[in-house]
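What follows is a short report on a single structure.
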Amino acid sequence: MSGLEARLLAAHSEGEKQALVTLYEEAATAAKTPEAQGFFLTQAYVYALETGHPKAADLHLRLKASGREA
Amino acid sequence: MSNPKSLADPLAAVRQPVATANGLPNAHYTDPGVFSEETDALLKTTWAGLAVASDVPEPGDAVPLTFLGMPLLLLRDKAGTVRVFNNVCRHRGMILVEEPRKIEGAIRCPYHSWCYATDGRLVTTPHVGGPGQNTDPDIDRATLGLIEVRSHIWHDIVFINISGDAPAFEDQHAALLSRWDAFDQPHIHGGADSRFTLDVATNWKLAVENYCESYHLPWVHPGLNSYSRLEDHYNIVAPEHFSGQGTRVYRQLTSEDGTTFPDFTNLPAFWDHGAEYVALYPNVLLGAQRDHAFVILLEPLAHNQTREHVHLYYAAQNTDDTLRATNATQWKQVFEEDIFVVEGMQRGRSAPHFDGGRFSPAMDAPTHCFHDWVAARLQTHRDQ
Numbered sequence: 002m003s004g005l006e007a008r009l010l011a012a013h014s015e016g017e018k019q020a021l022v023t024l025y026e027e028a029a030t031a032a033k034t035p036e037a038q039g040f041f042l043t044q045a046y047v048y049a050l051e052t053g054h055p056k057a058a059d060l061h062l063r064l065k066a067s068g069r070e071a
Numbered sequence: 009m010s011n012p013k014s015l016a017d018p019l020a021a022v023r024q025p026v027a028t029a030n031g032l033p034n035a036h037y038t039d040p041g042v043f044s045e046e047t048d049a050l051l052k053t054t055w056a057g058l059a060v061a062s063d064v065p066e067p068g069d070a071v072p073l074t075f076l077g078m079p080l081l082l083l084r085d086k087a088g089t090v091r092v093f094n095n096v097c098r099h100r101g102m103i104l105v106e107e108p109r110k111i112e113g114a115i116r117c118p119y120h121s122w123c124y125a126t127d128g129r130l131v132t133t134p135h136v137g138g139p140g141q142n143t144d145p146d147i148d149r150a151t152l153g154l155i156e157v158r159s160h161i162w163h164d165i166v167f168i169n170i171s172g173d174a175p176a177f178e179d180q181h182a183a184l185l186s187r188w189d190a191f192d193q194p195h196i197h198g199g200a201d202s203r204f205t206l207d208v209a210t211n212w213k214l215a216v217e218n219y220c221e222s223y224h225l226p227w228v229h230p231g232l233n234s235y236s237r238l239e240d241h242y243n244i245v246a247p248e249h250f251s252g253q254g255t256r257v258y259r260q261l262t263s264e265d266g267t268t269f270p271d272f273t274n275l276p277a278f279w280d281h282g283a284e285y286v287a288l289y290p291n292v293l294l295g296a297q298r299d300h301a302f303v304i305l306l307e308p309l310a311h312n313q314t315r316e317h318v319h320l321y322y323a324a325q326n327t328d329d330t331l332r333a334t335n336a337t338q339w340k341q342v343f344e345e346d347i348f349v350v351e352g353m354q355r356g357r358s359a360p361h362f363d364g365g366r367f368s369p370a371m372d373a374p375t376h377c378f379h380d381w382v383a384a385r386l387q388t389h390r391d392q
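Listed in order, the protein sequences are those of chains A and B. Numbered by my numbering, the letters in the first sequence go through residues 2 to 71 in order. Numbered by my numbering, the letters in the second sequence go through residues 9 to 392 in order.
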């Protein structure tokens, strides 16, 4: 298990949703394919929306620019 | 001996003039099937009291409620508007919010994470078009927002019309709004010490029936009657809308040092010594006085079980803590004094030959007014 994966699981386990935003964004940055990047950005966006995270608007723009979000 | 009319056509017997009418038959209190029928005819097609807006004081505050078996979500959106939604996701019908909490950003369904803004808009549908693809041509977000229940706020009370087709609240209840228009001013919830609930083993209608007449006061509330005598009271009857009783002798609660609650402003002289207690059909019991008000929201849980949600209101913020606590204690005592009556009448409705009872023409007009409303709506419902 990678360090990032372990941190993601820990954040899920602890319900640290703000941390999930940055961790999933980090996963998106490290992703090797556009599909994987879209998946992780979506995960980050959802938790940003839920928590009112300031990155929500930026994540939305990135997803929209890649045709993954309305 | 039973009234022959009551056996031939029970609802027609209820709709007779008060002097000759019978009350609603036993089945209206003991039969789960009739309870369900009345839920449709009396509670879902009218403006039912659900909660108070003070339950969600800040934007983003959300309270899940179950009312008449329906999962609802009381929410104050980011713009400050109080709304009531079905508490279910438009995707697979999952319950969205399980506990009262603050919605910081969006409402995320815990199942597949469809997200809703606090005004109900569906704002994202993650992976709906496949991994990382959050749109799908067949999923039109504009048509898949949270299903909102028609609601109206009056004096902090959140009324809902489940069927969505009742007349506008202001039209439906124009008579009471006009009667009490002097109280169209801020009602400040007294806070945590000014709310309590009572679980009562009775049909919700018996709570209405007991509340709206003064006949029982000398026997059940001797403490009240010591200063507000039966002869000081009068009936209030507004067919199809509300009924209750008033008193011409309202005495303010006063502390030992002479402190009283501040009055609502610019009230007509009547309210110097008058007070009124009204059941607003179907399930909202109201008290109006110069210096405070209260509401009892009747939550029908089953044909023989009701939860009473009591809230007290004042004309100003920062009322005296001790006086406010005393007031809540006194009202709680009064309402608890009624429990043995409404529970006793509920048990009495299992008597096999009870015919609904008879009314005192002089004293029971408000109760009969409610029965007449119930019978008329139920008959219309059955005829449809």
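All C-beta atoms, glycine included, are put in the ideal place defined by N, C-alpha and C. Bear in mind that the values here come from a model prediction, so they are computed numbers and not experimental data.
Is there a C-beta anywhere in chain B that falls below 8 Å from the one on residue i?
i     : result
A/E70 : yes
A/V22 : no
A/L64 : yes
A/A57 : yes
A/L10 : no
DSSP puts residue i in a beta bridge; with which residues?
i      : result
B/I304 : B/L293 and B/V318
B/C123 : B/R116 and B/T132
B/V71  : B/L82
B/W162 : B/I165
B/H389 : Note: B/H389 sits in no beta bridge, so no partner.
B/A56  : B/I168
B/Q253 : B/N243 and B/Y285
Do residue i and residue j have their CB atoms nearer than 8 Å?
i      : j      : result
B/N402 : B/R158 : Residue 402 of chain B is absent from the structure shown; chain B starts at 9 and stops at 392.
B/I244 : B/E284 : yes
B/A176 : B/L275 : no
B/A113 : A/L10  : Sequence check: residue 113 of chain B is Gly here, not Ala. Their beta carbons are not under 8 Å apart, which means B/G113 does not touch A/L10 by this criterion.
B/L81  : B/L51  : no
B/S121 : B/P134 : yes
B/P72  : B/N94  : no
B/F272 : B/Q387 : no
B/V257 : B/V166 : no
B/V26  : B/F378 : no
B/A301 : B/H195 : yes
B/V64  : B/E156 : no
B/E221 : B/Q253 : yes
B/V349 : B/V228 : yes
B/L184 : B/V318 : no
B/A383 : B/L19  : yes
B/V208 : B/E46  : no
A/S3   : A/G39  : no
B/Q325 : B/N211 : no
B/P269 : B/Y322 : First, the residue type needs correcting, since residue 269 of chain B is Phe and not Pro in the sequence shown. Going by C-beta atoms, B/F269 is nearer than 8 Å to B/Y322.
B/G101 : B/G128 : no
B/T53  : B/S186 : no
So is residue i in contact with chain A if we call contact Cβ pairs under 8 Å?
i      : result
B/N326 : no
B/V131 : yes
B/A114 : yes
B/T143 : yes
B/C123 : yes
Under 7 Å between beta-carbons, which chain A residues line up against residue i? List them in chain order, please.
i      : result
B/A140 : The residue you asked about is not Ala; residue 140 of chain B is Gly in the sequence shown. In chain order: E36, G39, F40, T43 and R69.
Applying a beta-carbon distance threshold of less than 7 Å, which residues of chain B neighbour residue i?
i     : result
A/A52 : The residue asked about is misnamed: residue 52 of chain A is Thr in this sequence, not Ala. Chain B residues near A/T52: E112 and G113.
Run down chain A in chain order and give the residues with a C-beta less than 8 Å from the C-beta of residue i.
i      : result
B/H135 : F40 and T43
B/R149 : A71
How would you list, in chain order, the residues of chain B whose beta-carbon sits under 8 Å from the beta-carbon of residue i?
i     : result
A/Y25 : By Cβ distance, chain B contributes nothing, its closest Cβ being about 11 Å from A/Y25, past 8 Å.
> Is the segment 30-49 of chain A touching the segment 63-71 of chain A in the sense that three or more CB pairs, one from each, lie closer than 8 Å?
Replying inline: Counting Cβ pairs under 8 Å, three or more are found: they touch.
>> Counting beta carbon pairs with one atom in the segment 306-325 of chain B and one in the segment 285-298 of chain B, are three or more of them shorter than 8 Å?
In response: Inter-segment contact for the segment 285-298 of chain B and the segment 306-325 of chain B is present: three or more beta-carbon pairs are separated by less than 8 Å.
>> For the segment 264-273 of chain B against the segment 30-50 of chain B, do three or more pairs of beta-carbon atoms, one drawn from each stretch, fall closer than 8 Å, so that the two count as touching?
In response: With a cut-off of 8 Å, the segment 30-50 of chain B and the segment 264-273 of chain B do not count as touching, because too few Cβ pairs lie within range.
> Would you say the segment 338-346 of chain B touches the segment 204-223 of chain B, given that touching needs at least three Cβ pairs under 8 Å?
Replying inline: Flag = yes, the segment 338-346 of chain B and the segment 204-223 of chain B touch.
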